[in-house]
Amino acid sequence: MKGMSVTLKPAAPAPALPRFRAHFVFGGLLLLFTALVVRSLYLQWIDNEFLQGQGFSRYSRAIELPAHRGRIVDRSGEPLAISTPVKSIWAFPGQVEATPGQLARLAQVLETTPQALAKKLGDGSDFVFLAKQIPPEVADRVAALKIKGVHDQNEYRRFYPAGETMSHILGFTGDHDIGQEGIELTQQEWLGGKPGSRRVIINRRGEVVEDVEAIRAPQAGRDLALAIDTRLQYLAFRELKAAVEANRAKAGGLVILDVQSGEILALANWPTYNPNSRNRVAREKMRNRALTDVFEPGSTMKPFTIASALDSGQIRPDTVIQTAPGTLTLGPNTIHDAHPNGALTVEQVIQKSSNVGAAKIALSLPPATLWQTLSDAGFGTAPNIGFPGEVAGRLRPAKTWKPIEQATMAYGHGISVNLVQLARAYTVFASDGELKPASLLKGGGPVAGRAVVRPETAIAVRRMLELAVLPGGTAPKAQVPGYRVAGKTGTAHKLEGRGYTNKYVSSFVGFAPASHPRLIVAVMIDEPSAGAYFGGEVAAPVFSSVMGSALRMLGASPDAPQDNMILPPEGSQIHEET
Amino acid sequence: MVRVNILLLAVLVLCALSLVTSRHQARKLFVELEREQANARGFETEFGQLQLEQSTWAMPVRVEKIAREQLRMQLPGPGRIEIVSAGASR
């Protein structure tokens, strides 16, 4: 190694760091460390809320506890409306990742075609329901497919086993099982449950391992018992439907009332709808006409005029009223009897349904007396039975009555009522002069009513009403085998626009057994257009079949022999006023 | 002194272990309770569905249809009804 010299120099002594630098670094580290400690102390004891919250949310969950909506049952406990859990399947189309095979399987489970499914997912919306309100088992099978982006949610669906026969009373629920119509709406507070929630601790797999606290206990809705008797309701519905169809009528209503308790045992309407599938049902069909529509009652109002006069001592059942020549002129107006009768007793005025007779009796009364009786019988005030949209009908104050109005009101024109109101008013004659409060809910038996007329008056009118259904009266077709029946027909011209038309409302209200009244049945047929339109021709037969079957179903003991029906000879005309 | 300490330590360990077991036990029981409650809810649901089914089968519309069409039943006419009054002596 020529020319190269290696010199080993002694190691130079390490340059001594200035002490202050070491101190500086040490001090700096200490400061940082202190800062860390202070921060951690701060987070631990002072500002600990956020981190604790974060920690908490890793293992604790508030879970929703669903609450059932109460059932609606009839008077014997038959369910009429039940909520059961269902599931709806939804998806964010943008997030769905599925193989064609998965889609085909999904379509199969949901009972649709893959094309329809693909169309739903591809229509560009952010959120779609793939299936609404399907049974939980089906939803579980969907969940088992584990398709990304497809989710389910819990819902309740309400079912109405009675379908169209009872839809008007029950109404229905909308989204989230909240009442929208009928009893479901008015009794929402009672039926509706309040969902609760509680806090739990879950493990890694999402299973609940510990109950921490109940935030809110779920409150299930309560069951509601209606006064309705399912069997009678079906009977009423069937007969009403048959009558409306046979008479080619526009609509109809039928109410069965328990005389002692005022309970509504059946309330049927036509037209109707099926509450279990009510897509595209016209609002028109959803109306509970028996409660929300008024009509001029016609002659079914006469017994109240007579009762008012009897009660005030103005007349007696055998007082003779001259109805000849069948017309009564008041100023510019004339009241007609379509079939002039001559001299009639008060009893015969009801039996033959004479307009002139009823008008003369009404005119012998001070307006205030007649008004008081009608008002006490519940006309002009809503029946108040807890149904949305109940109407009061029209009964104008007595001070504003002109003589012609007082006269027409005597036979049910210039006054309007709804069917439930009319049926309830007849409790005055079916009981001994008391108006019973009507009720849609099941009650605890006989209720006290409010006295409207004296018992003697009620008994006298009841006798007249019995005559009206016998031959010689206006409604022999209302007779029921085995039972004595009392009732009154009504045939009223319909009021449209400014005047009366040649369309009619035919009605019949009556009760049986007459010896000890138990049921009131009121029938109303709107615009019968198959020829017949008298209440005694159209409504009375419905009354007869409903009343007969209802009494038999309830096991009421007959108060007449089975062959008590005396029908007038074929072809004889029934004389009835309109 | 040492003996007492050892004894206390042993007791402490025992206590700690029993706490752990009872805690575990509690969770296990809770999971079970949870499962039973879910079952109960399930049964309640099923009960509702069965009630619904029963009342659907028993609706008068259906009963009457079957009685009339399949069983060929009919209401007896007035002439075929005999009224027996209770308490009437023969």
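If you read the protein sequences in the order shown, they are chains A and B.
The numbering used here applies: residue 33 is where the first sequence begins, and numbers increase by one.
The numbering used here applies: residue -1 is where the second sequence begins, and numbers increase by one.
Yeah, the Cβ is synthetic: ideal placement off N, Cα and C, and Gly gets one too.
Given the structure is predicted, the values throughout are model-derived calculations rather than measurements.
Ser448 of chain A counts as buried, since no fewer than 16 other beta carbons sit within 10 angstroms of its beta carbon. CA-CA distance, Gln292 of chain A to Ile247 of chain A, rounds to 48 Å. In the pairwise beta carbon analysis, the segment 305 to 318 of chain A is classified as not touching the segment 398 to 418 of chain A: fewer than three pairs are separated by under 8 Å.
The residue from A:Arg101, A:Ser386 and A:Leu135 with its alpha-carbon nearest to that of Ala252 of chain A is A:Arg101.
Judged by DSSP secondary structure, Val287 of chain A falls within the beta strand (DSSP E) whose first and last residues are Ala283 to Asp290.
By the Cβ test, the segment 544 to 559 of chain A is in contact with the segment 455 to 463 of chain A, since at least three Cβ pairs between them sit closer than 8 Å.
Here Gly40 of chain B carries a helix assignment [DSSP, helix/strand/coil]. DSSP, read as helix, strand or coil, puts Asp209 of chain A in helix.
When 9 Å is used as the limit between beta carbons, Ser53 of chain B is near these residues of chain A: Glu110, Pro111, Leu112, Ile114, Pro193, Ala194 and Thr262, in chain order.
Any Cβ of chain A closer than 8 Å to the Cβ of Met71 of chain B would place that residue at the interface, and such an atom is absent.
The Cβ atoms of Asn301 of chain A and His200 of chain A sit closer than 8 Å to each other. Within chain B, the C-beta atoms nearer than 8 Å to that of Glu242 of chain A come from Ala24, Arg25 and Phe28, in chain order. Around the Cβ of Gln52 of chain B, a 10 Å sphere holds fewer than 16 other Cβ atoms; the residue is exposed.
A distance of 8 Å or more separates the beta carbons of Gln383 of chain A and Ile81 of chain B. The three-state reading of DSSP puts Thr324 of chain A in helix, counting H, G and I together. A check of alpha carbon separations from Ser581 of chain A across A:Leu142, A:Ser72, A:Phe124 and A:Ile288 identifies A:Ile288 as the nearest. Collapsing the DSSP output to three states places Ile338 of chain A in a helix. Residues of the segment 30 to 42 of chain B that bring their beta carbon within less than 7 Å of a beta carbon in chain A comprise Glu32, in sequence order.
When DSSP states are grouped into helix, strand and coil, Gly389 of chain A belongs to the helix group.
Note on geometry: alpha-carbon atoms of Ala492 of chain A and Gln346 of chain A lie some 14 Å from one another. Nearest neighbour of Gly446 of chain A by Cα position, chosen from A:Val388, A:Lys164 and A:Gly330, turns out to be A:Gly330.
Just so you know, the alpha carbons of Ala339 of chain A and Lys392 of chain A end up roughly 14 Å apart.
A distance of 8 Å or more separates the beta carbons of Asn235 of chain A and Ala322 of chain A. In the DSSP assignment, Glu221 of chain A falls within the alpha helix (DSSP H) that extends over Gln220 to Leu223. Judged by DSSP secondary structure, Leu362 of chain A falls within the beta strand (DSSP E) whose first and last residues are Thr359 to Leu362. Straight through space, the alpha carbons of Leu297 of chain A and Gln212 of chain A are spaced by roughly 23 Å. Contact between Tyr192 of chain A and Pro58 of chain B does not hold, since their C-beta atoms are separated by about 14 Å, which reaches or exceeds 8 Å. By the Cβ test, the segment 349 to 356 of chain A is not in contact with the segment 482 to 491 of chain A, since fewer than three Cβ pairs between them sit closer than 8 Å.
Shown here for Ala257 of chain A: same chain residues with a beta carbon closer than 6 Å to its own, the five before and five after excluded, namely Val105 and Lys474 in chain order.
Unbroken beta strand (DSSP E) stretches of 3 residues or longer found wholly inside the segment 71 to 142 of chain A: 92 to 97 and 111 to 123, given in chain order. In the DSSP assignment, Ser576 of chain A forms no beta bridge with any residue. Close CB contacts of Val240 of chain A within its chain, under the 6 Å cut and outside five residues either way in sequence, are with Val232 and Ile234 (chain order). Within chain B, the residues whose beta carbon sits less than 7 Å from that of Tyr266 of chain A are Pro58 and Val59, listed in sequence order. Here the segment 356 to 363 of chain A makes no contact with the segment 496 to 512 of chain A; the two share fewer than three CB pairs at distances below 8 Å. For Arg70 of chain B, the secondary structure class from DSSP, reduced to helix, strand or coil, is coil. The secondary-structure analysis by DSSP pairs Gln251 of chain A across a beta bridge with A:Lys226.
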